[in-house]
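Novice: This is the structure, below, for whatever I ask next.
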């Protein structure tokens with residue numbers, strides 16, 4: 046991730062496996078990999094168990110294991126983070142459109158920091174009913190905000206990230222969904238204020 050006077054470009058791959066344990070219970074394993082223009086710098090492994098309370102509300106809990114290459118003492122080093130996570134997901138459907146609102150609460154235990162802290166993420170996503178071609182190509186959009194409740198962080202710096210997605214999903218074969226997306230991510234830098242990062246990416250999801 047770079048802010049050297051020109052727009053930063055990253056690339057993201059996301060692989061998911063979702064297994065339905067029973068009608069209301071499912072297990073999700075996810076692997077995210079982030080690259081900038083010349084190096085691999087972040088990976089996240091997510092394990093979540095989800096429970097469908099009713100048609101419009103689900104809850105999930107699990108853990109996230111993160112390795113990120115960052116600069117410490119003028120050297121680029123890998124730093125580990127353990128991030129227990131709870132998701133509250135609300136859904137509403139109308140005329141084929143589906144609106145979901147995910148509230149994600151993360152407990153961040155990061156190597157090299159003096160204490161743990163909480164982060165709150167709120168994502169609003171709209172899926173459309175349109176299906177094009179035999180693969181069922183369908184567009185979607187989403188927006189997500191981040192708020193860090195970190196000790197010592199100035200209050201005006203705690204809202205520090207905004208992600209805006211536009212993409213299409215498709216199902217070429219049973220049990221596989223492919224999503225191609227463009228993400229515009231704004232992150233607040235202590236030196237340069239809000240900085241845009243352009244992220245084209247692909248997501249592969251296997252469901253059973």
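Residue numbers (the working numbering): 46 to 253.
Positions of the beta carbon are idealized from the N, C-alpha and C atoms, including for glycine.
Just so we're clear, the structure is a prediction, and the values are computed from it rather than from any experiment.
1) Considering only C-alpha positions, which residue in the set 156, 82, 131 and 243 is nearest to residue 115?
2) Whose C-alpha, out of 176, 62, 127 and 186, is nearest the C-alpha of residue 251?
3) Please work out which residues of its chain come closer than 8 Å, Cβ to Cβ, to residue 173, disregarding the five sequence neighbours upstream and downstream, and give them in chain order.
4) Near residue 248, which residues of its chain fall below 6 Å by C-beta distance, leaving aside the five closest residues on each side in sequence?
5) So, residue 239 versus residue 194, is the Cβ gap smaller than 8 Å?
6) Residue 202 lies in the beta strand (DSSP E); which residues open and close that run?
7) Could you check where the beta strand (DSSP E) with residue 143 kicks off and where it finishes?
8) In its own chain, which residues sit with a C-beta less than 6 Å from the C-beta of residue 192, not counting the 5 before and 5 after it?
9) Do you know offhand how far residue 126's Cα is from residue 110's?
10) Sort out for me which residues DSSP pairs residue 250 with in a bridge.
11) Starting from the C-beta of residue 245, find all residues in its chain whose C-beta is less than 7 Å away, skip the five residues before and the five after it, and write them out in chain order.
12) From residue 118 to residue 94, what distance separates their C-alpha atoms?
13) Could you have a look at residue 197 and say whether DSSP puts it in helix, strand or coil?
14) Under a three-way DSSP split, which group does residue 55 fall into?
15) Apart from the five residues on each side of it in sequence, which residues of its chain come closer than 8 Å, Cβ to Cβ, to residue 253?
16) Which runs of the beta strand (DSSP E), 3 residues or longer, sit entirely within the stretch 96-123?
17) Helix, strand or coil for residue 48 per DSSP?
Specialist: Working from what's here:
1) 156
2) 62
3) 141, 142, 183, 184 and 185
4) 59 and 224
5) no
6) Run containing residue 202: none; DSSP gives neither H nor E here.
7) 142-155
8) 165, 203 and 204
9) 6 Å
10) 61 and 222
11) 56 and 227
12) 38 Å
13) coil
14) coil
15) 62, 63, 64, 65 and 220
16) 102-117
17) Any answer about residue 48 is weak, because its pLDDT of 49 lies below 50 and its placement is not dependable; what the coordinates show is given next. It is coil, neither helix nor strand.
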